[in-house]
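Novice: Okay, handing you the structure first.
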Amino acid sequence: MDGVTVINHPLVQHKLTIMRKKETSTAGFRRLLREISTLLCYEVTRDLELTMETIETPMQTIQAPVLEGKKLVFASILRAGNGLLEGMLELVPSARVSHVGVYRDHETLEAVEYYFKAPESLSERLVIVVDPMLATGNSSIAAIDKLKERGAVNLRFLCLLAAPEGIRNFHEVHPDVPIFTASIDSHLNENGYIVPGLGDAGDRMYGTK
Ligand code: URA
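For the sequence shown, our numbering assigns the number 1225 to the initial residue and increments by one for each residue that follows.
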């Protein structure tokens, strides 16, 4: 699928299988989500630009690579996106964090924002938007609408599972935003859940129902 990268790393696939199992506990699910998010973060940042910097090792002065540009932004779509944040921040501790609480009004299809916080200079940063489940695409489309309104131009979307319907909707509205996912599942059911999926990601990570 154009604009979609499926992260096939064996460790990602193995951990995802355990997360899908209905008998996996809340504690287990949370631990796996943290572990898998570091691996997903590694893949979504694989092609970041580097620039050379002059440094001194104990032996000599050399030119060595460092990340180019301003600090990354990880934008978490509340609430399940927070489950991916922790592991990503472990890998990129200097990243800035944005929290976006949005939903799409079913009648007007307008994005309704109930919370938004983001660092300065969004337009100059790579913004990696995170949400474990790309289901209908409504909340991720709305979140990216809001980030673009605040100036973001260079965005990527990272999730654990995506439904084909969600990918289609998402790329109709935001064709410029590449999607990274561990799996493209079969379909959405009549309640908007991903099948086979893993259930409600927020409930599984926080033990709510
Ligand atoms: N959100 C979830 O948490 N799970 C789904 O299957 C779809 C949306």
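Using N, Cα and C, we set each Cβ at its ideal position, and we do this for glycine too. Every value quoted in this text rests on a predicted model; they were computed, and no experiment measured them.
Let's see if you can read the secondary structure: which residues bound the alpha helix (DSSP H) around Val1230?
Specialist: Here Val1230 belongs to no alpha helix (DSSP H); instead the beta strand (DSSP E) covers Val1228 to Val1230.
Novice: Mapping the DSSP letters down to three states, classify His1395 as helix, strand or coil.
Specialist: The answer is helix: DSSP assigns His1395 an H, G or I state.
Novice: Quick one: is Asp1369 near chain B, going by C-beta distance under 8 angstroms?
Specialist: Judged by its chain identifiers, the structure shown contains no chain B, having just a single protein chain.
Novice: Scan the region 1281-1315 and note each continuous alpha helix (DSSP H) run of 4 residues or more that stays entirely inside, going in chain order.
Specialist: Fully enclosed alpha helix (DSSP H) runs of 4 or longer: 1306-1315.
Novice: Classify Ser1407 as helix, strand or coil using the three-state DSSP reduction.
Specialist: It is a strand residue.
Novice: Could you check whether Ser1322 and Pro1356 sit closer than 8 angstroms to each other, using their CB atoms as the reference points?
Specialist: Contact: no.
Novice: Do the CB positions of Phe1394 and Val1354 come within less than 8 angstroms of each other?
Specialist: Against a cut-off of 8 angstroms, the Cβ pair of Val1354 and Phe1394 comes out as no contact.
Novice: Between which two residues does the beta strand (DSSP E) harbouring Asn1415 extend?
Specialist: Element bounds for Asn1415: n/a, residue is neither H nor E.
Novice: Are the Cβ atoms of Glu1389 and Leu1412 separated by less than 8 angstroms?
Specialist: Yes.
Novice: In the DSSP assignment, the alpha helix (DSSP H) including Ala1386 goes from what residue to what residue?
Specialist: Per DSSP, Ala1386 belongs to no alpha helix (DSSP H); it is in the beta strand (DSSP E), Asn1378 to Ala1386.
Novice: Which residue wins for smallest C-alpha separation from Asn1378, given the options Thr1360, Ile1352, His1233 and Leu1256?
Specialist: Looking at the Cα atoms, Ile1352 is the closest of the given residues.
Novice: According to the neighbour-count rule (16 or more other Cβ atoms, all chains shown, within 10 Å of its Cβ), is Arg1349 buried or exposed?
Specialist: The residue in question, Arg1349, is buried, as its Cβ has 16 or more Cβ neighbours within 10 Å.
Novice: In the DSSP assignment, the alpha helix (DSSP H) including Val1401 goes from what residue to what residue?
Specialist: Unbroken run through Val1401: none, as it is neither H nor E.
Novice: Please name the residue in Arg1258, Asn1362, Ser1345 and Asn1232 whose C-alpha comes closest to that of Tyr1327.
Specialist: The shortest Cα separation from Tyr1327 among Arg1258, Asn1362, Ser1345 and Asn1232 belongs to Asn1362.
Novice: Would the beta-carbon of Ile1418 be found less than 7 angstroms away from any heavy atom of the ligand URA?
Specialist: Flag set: Cβ of Ile1418 near the ligand URA.
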